[in-house]
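In what follows, a single structure is set out as structure tokens and then discussed.
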Amino acid sequence: MAHAIWSGAINFGLVTIPVKLFTAVKTDDLSFNLLHKKDDGRIKYDRVCSVDGKPVPWDEIVKGYEYEKGQYVLLTDEDFAKVNPEATQSVDIVEFVELDKISPMFFDKPYYLEPTKQGRHAYALLREALAESNRVAIARVVIRTKEYIAAVKPIDGALVLELMHWANEIVASETLELPKSEELPEKEMQMARMLIETMSVDEFEPEKFTNKYRDELMTMIEARAAGKELPKAKKAPARSKVVNLMDVLAQSLEESKKRRTAASAGNGKPAAAKRRKKTAA
Amino acid sequence: MSAKERSSVSIGGLTLSLSNLEKVLWPRDGYTKGDLIGYYRSVAEPAVAHLKGRPLTLQRYPNGIDAQSFFEKQMPKGMPEWIERITVPTPGGSRSHVTFPLCNDEPSLVYFANLAAIVLHVWTSGVLALDEPDFVLFDLDPGEKCTLQTLARVALQVRDCLNEIGLKPLVKSTGGYGVHVVVPLAAGYSYETAKVFAEIVARQAAAELGELASLQRTIAKRPQTAVYIDYVQVGLGKTIVAPYSVRARDGAPVSTPLHWAEIEAFGRRRSGMAPADEFAKLTIRTTPARLAREGDLWGPKSWKKQRLEGPSAKANRLWREEG
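Going down the list, the sequences are from chains A and B. Take the first sequence: its position 205, counting from 1, is numbered 206 in the working numbering, and each next residue is one higher. Take the second sequence: its position 237, counting from 1, is numbered 308 in the working numbering, and each next residue is one higher.
Below, the structure is given as structure tokens:
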């Protein structure tokens, strides 16, 4: 795995779980440089003062907050340092809540948490207890010098730290003009329901959805880089080969047979089942 | 709560406290929660035999069949310690593991009935091998205007196809509109195998039946007079209404194992009767007597675990589409 972007600790009551933070989501946008058309020169930006029209070096630059049109309050690095939270590098769990109780609107960006060697046991405890209670932890998190609110959730065996928006960042839907949930004609509702029914799938399969725009751009870039022109018109997608079900069945039976042989060679117990013994009262 | 509505019952060395026995769950029939518990006790032996060791989802109707029901997809907190349970990993789910209750004995069954769990949905595999289905399933689901006769003819065609390649299926009413046809499987077959096999049989049967049957998953595209042969209801984590489970419909019908001779008799009916009207005769009132008379038609004597290698080879010989 890539290197950790942060290491710190989850604080949970008297328990401290040392953890590392890893990126869980990579954005996959293509980035481009701006070039001068005639000589491929990179375009540079100058920081120019709007009053005297001259470039300004970094040490003469301060930050200002425009509290009124044209009126600024100036803030220096020391000012920021005064209000910065202590760089504690910590995930301080404040409370636990059922996941359904949090509007999905609040979730912003997920990160993986991985325990260090000393933290493995406590990490597993927290993960299992969260999964069992169907709750997530709400925590205050300091990453570098910024404070965030975040949820800690068990997902597929990992604890995931999901940064959340602050309440004041969520725009209330009341600002929109929305139709009231008035009495709708039953017939139309039935049609709508049927439409949903016919387009329903059992599982969400994100692999089905690909970023065509990006893929096509990348194909074009690769072709250019290899000195080739792009194949002209888009070909219709190749028809998938018609697979004979009988062949699939024969192959599947063969695999089942292998599984059986493997199972009887091992202890024959399925790995999936953890069973609790009966303790009659 | 009055004292009258609470009572204790002693089963298998355990004392269970039952509540609200007078609560009416079927308002048009007047059947109460006490009736539901009484029914499940009277069919406990065969019912538990089919529920045993399979992850169970309870469908509860605390306020009767007209009110909101809910699915208990994981073991609720506070279930007594003596109810057995199994924890299974949930690949891709938000939780890494889910715990399901098991119904391994009569006290558990009574406990669930006391929760107004009218409908009992079980996995098609058991705890000893959760990834191996115990049977191949054909869920025959008649369209809105399909008659009992058509449903019977489709079920018989599925049976005949299975017989043709050397398999002996069993049949039961779902308690709703349709029937379940199953082929009990020997150990060691994957869900994948069962599914492909079911698809081959379903396609063959549908080809023989023409407009009487449909394999179309989209409801709107099926003819309303046809039977949908659903062969995709078998999969890891998918459930089926258990044999002898009650349904939340007027009359309190029960999912009941049937003789093939009964299906044949339905096939001779000309009345244009809707399937649900026939299956509505098998209820919590009539099933205990039927069981006493007929025994469990899905019991160990008829539940013959079958292998698929020979039948598959035979299907390949007989049904393979050339060209």
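Glycine is no exception: its CB is placed at the ideal position from the N, C-alpha and C atoms.
### Query
Which residues in chain A sit within 7 angstroms of B:Val267, going by Cβ to Cβ distance?
Against the second sequence, residue 267 of chain B aligns to sequence position 196. Near B:Val267 (Cβ distances below 7 angstroms), the residues of chain A are Leu246, Val249, Leu250, Ser253.
### Task
State whether the stretch 175-195 of chain B contacts the stretch 303-316 of chain B, with contact taken as three or more CB pairs (one from each stretch) at a distance under 8 angstroms.
Yes, the stretch 175-195 of chain B touches the stretch 303-316 of chain B.
### Message
Please report whether the beta-carbon of B:Tyr260 lies at a distance below 8 angstroms from any beta-carbon of chain A.
### Response
What you label residue 260 of chain B is simply residue 189 of the second sequence in a count that begins at 1. So, interface residue.
### Query
Rounded to a whole number of angstroms, what is the C-alpha to C-alpha distance between B:Leu122 and A:Thr262?
Along the second sequence, one-based indexing puts residue 122 of chain B at 51. Along the first sequence, one-based indexing puts residue 262 of chain A at 261. Rounded to whole angstroms, B:Leu122 to A:Thr262 spans 29 angstroms at the Cα level.
### Pair within 8 angstroms by beta-carbon distance, A:Gln90 and A:Pro19
One-based indexing of the first sequence puts residue 90 of chain A at position 89. One-based indexing of the first sequence puts residue 19 of chain A at position 18. Inclusion of A:Gln90 and A:Pro19 in the CB contact set at 8 angstroms is not warranted, their separation being larger than that value.
### Query
For A:Ile197, does the count of other Cβ atoms within 10 angstroms reach 16, so buried, or fall short, so exposed?
Within the first sequence, residue 197 of chain A is the residue found at index 196, counting from 1. Per the 10 Å Cβ criterion, exposed.
### Message
Is there a Cβ of chain B sitting closer than 8 angstroms to that of A:Ala173, yes or no?
### Response
One-based indexing of the first sequence puts residue 173 of chain A at position 172. Not an interface residue.
### Message
Helix, strand or coil, according to DSSP, for B:Ile157 in the structure here?
### Response
Looking up residue 157 of chain B in the second sequence gives position 86. In the three-state reduction of the DSSP assignment, B:Ile157 falls in the strand class.
#### Entry: Identity of the residue in A:Arg145, A:Pro116, A:Pro155 nearest A:Asn135 by Cα
As a position in the first sequence, residue 135 of chain A is number 134, starting the count at 1. If we check each option's Cα against that of A:Asn135, A:Pro155 comes out closest.
### Query
In terms of residue numbering, what span does the beta strand (DSSP E) encompassing A:Phe13 cover?
Locating residue 13 of chain A in the first sequence gives position 12, where the first residue counts as 1. Counting along the chain, A:Phe13 sits inside the beta strand (DSSP E) bounded by residues 7-13.
### Query
Going by the beta-carbon positions, is the gap between B:Ala276 and B:Ile300 smaller than 8 angstroms?
Taking the second sequence and counting its residues from 1, one reaches residue 276 of chain B at position 205. Taking the second sequence and counting its residues from 1, one reaches residue 300 of chain B at position 229. Yes, Cβ-Cβ distance for B:Ala276 and B:Ile300 is below 8 angstroms.
### Query
Would DSSP call A:Thr176 helix, strand or coil?
The residue you call residue 176 of chain A lines up with position 175 of the first sequence. Helix, per DSSP.
### Query
Is B:Pro294 helix, strand or coil when you go by DSSP?
The count along the second sequence starts at 1 and reaches residue 294 of chain B at position 223. Coil.
### Query
Can the beta-carbon of B:Val229 be found less than 8 angstroms from the beta-carbon of B:Phe209?
Stepping through the second sequence from its first residue, residue 229 of chain B is reached at position 158. Stepping through the second sequence from its first residue, residue 209 of chain B is reached at position 138. Taking 8 angstroms as the Cβ cut-off, B:Val229 and B:Phe209 qualify as a contacting pair.
### Task
Count the other CB atoms, across all protein chains shown, that sit within 10 Å of the CB of A:Lys279; report buried if there are 16 or more and exposed otherwise.
The residue labelled residue 279 of chain A in the question sits at position 278 within the first sequence. Residue placement at A:Lys279 cannot be trusted, given a pLDDT of 41 that sits under 50; the coordinates are not used to answer.
#### Entry: Through-space distance from B:Pro147 to B:Ser395, alpha-carbon basis
Residue 395 of chain B lies beyond the range of chain B shown here (72 to 394); nothing can be said about it.
#### Entry: Assigned secondary structure, B:Ser179 (DSSP; H/G/I helix, E/B strand, else coil)
Taking the second sequence and counting its residues from 1, one reaches residue 179 of chain B at position 108. Correct three-state label for B:Ser179: helix.
### Task
Go ahead and pull the three-state DSSP assignment for A:Pro105.
Taking the first residue of the first sequence as position 1, residue 105 of chain A is located at position 104. Looking at A:Pro105 - three-state DSSP - the assignment turns out to be helix.
### Task
Return the first residue and the last residue of the alpha helix (DSSP H) that B:Gln220 is part of.
Within the second sequence, numbered from 1, the residue matching residue 220 of chain B stands at position 149. If you look at B:Gln220, you'll find it in the alpha helix (DSSP H) that goes 219-235.
### Query
Does A:Arg194 have its Cβ less than 8 angstroms from a Cβ in chain B?
As a first step, residue 194 of chain A is located in the first sequence; it is residue number 193 there, counting from the start. The C-beta of A:Arg194 comes no closer than 8 angstroms to any C-beta of chain B.
### Query
Exposed or buried, what is A:Lys242 when buried is set at 16 or more other beta-carbons lying within 10 Å of its beta-carbon?
Position 241 of the first sequence holds residue 242 of chain A. Residue placement at A:Lys242 is flagged as unreliable, the pLDDT there being 42, under the threshold of 50; the coordinate-derived value follows with that caveat. A:Lys242 comes out exposed.
### Query
Is B:Val298 near B:Leu283, with beta carbons less than 8 angstroms apart?
Taking the second sequence and counting its residues from 1, the one referred to as residue 298 of chain B is at position 227. Taking the second sequence and counting its residues from 1, the one referred to as residue 283 of chain B is at position 212. Yes; because the gap between Cβ atoms is below 8 angstroms, this pair is in contact.
### Query
Are at least three pairs of beta-carbons, each pair with one atom in the stretch 207-221 of chain A and one in the stretch 26-45 of chain A, less than 8 angstroms apart?
The stretch 207-221 of chain A vs the stretch 26-45 of chain A: in contact.
### Query
Who are the near neighbours of B:Ala223 in its chain, counting only those whose CB is closer than 6 angstroms to its CB and skipping five residues on each side?
In the second sequence, the residue the question calls residue 223 of chain B occupies position 152. The residues are Ile334, Phe337, Gly338.
### Task
Answer with buried or exposed for B:Asn234, where buried requires no fewer than 16 other C-beta atoms within 10 angstroms of its C-beta.
Within the second sequence, residue 234 of chain B is the residue found at index 163, counting from 1. Residue environment for B:Asn234: exposed (fewer than 16 other C-beta atoms within 10 angstroms of its C-beta).
### Query
In chain order, what residues of the stretch 276-306 of chain B put their CB closer than 7 angstroms to some CB of chain A?
Residues of the stretch 276-306 of chain B with a Cβ closer than 7 angstroms to any Cβ of chain A, in chain order: Thr289, Ile290, Ala291.
### Query
Taking C-beta to C-beta, are B:Ala269 and B:Ala200 nearer than 8 angstroms?
Position 198 of the second sequence, counted from the first residue, corresponds to residue 269 of chain B. Position 129 of the second sequence, counted from the first residue, corresponds to residue 200 of chain B. No. Outside cutoff.
### Task
Could you run through the stretch 221-252 of chain B and flag, in chain order, every residue whose CB is less than 8 angstroms away from some CB of chain A?
Listed by position, the residues of the stretch 221-252 of chain B near chain A (Cβ gap below 8 angstroms) amount to none.
### Query
Along the chain, where does the beta strand (DSSP E) that runs through A:Lys154 open and close?
One-based indexing of the first sequence puts residue 154 of chain A at position 153. Counting along the chain, A:Lys154 sits inside the beta strand (DSSP E) bounded by residues 147-156.
### Task
Use the C-beta contact count for A:Ala237: other C-beta atoms within 10 angstroms, 16 or more gives buried, fewer gives exposed.
Locating residue 237 of chain A in the first sequence gives position 236, counting from the first residue. With a pLDDT of only 42 at A:Ala237, under the threshold of 50, the placement of this residue in the model should not be trusted, and no figure is reported.
### Task
For the alpha helix (DSSP H) holding A:Val98, just list the boundary residues, first then last.
The sequence position of residue 98 of chain A within the first sequence is 97, counting from 1. Unbroken run through A:Val98 is the beta strand (DSSP E), 91-99; no alpha helix (DSSP H).
### Query
With a CB to CB cut of under 8 angstroms and the five nearest residues on each side skipped, what residues in its chain are close to B:Lys239?
Taking the first residue of the second sequence as position 1, residue 239 of chain B is located at position 168. Short of 8 angstroms from the beta carbon of B:Lys239, and not among the five residues preceding or following it, lie these beta carbons of its own chain, in chain order: Leu233, Val254, Lys375, Gln377.
### Query
Is the number of C-beta pairs between the stretch 280-294 of chain B and the stretch 350-369 of chain B that are closer than 8 angstroms three or more?
Judged by Cβ distances under 8 angstroms, the stretch 280-294 of chain B makes no contact with the stretch 350-369 of chain B, as fewer than three pairs qualify.
### Message
With a threshold of 7 angstroms on Cβ separation, who are the neighbours of A:Val16 within its own chain once the five nearest residues in sequence on each side are excluded?
### Response
Along the first sequence, read from residue 1 onward, the residue named residue 16 of chain A stands at position 15. The answer, listed in chain order, is Ala123.
### Interface residues of chain A facing B:Leu379 [CB-CB closer than 9 angstroms]
On the second sequence, residue 379 of chain B is found 308 positions in, with the first residue counted as 1. Correct list: Leu250, Leu254, Ser257.
### Query
Can you tell me the Cα-Cα spacing of A:Glu183 and A:Met190, whole angstroms?
Counting from 1 along the first sequence, the entry for residue 183 of chain A is found at position 182. Counting from 1 along the first sequence, the entry for residue 190 of chain A is found at position 189. So the alpha carbons of these two residues sit roughly 12 angstroms apart.
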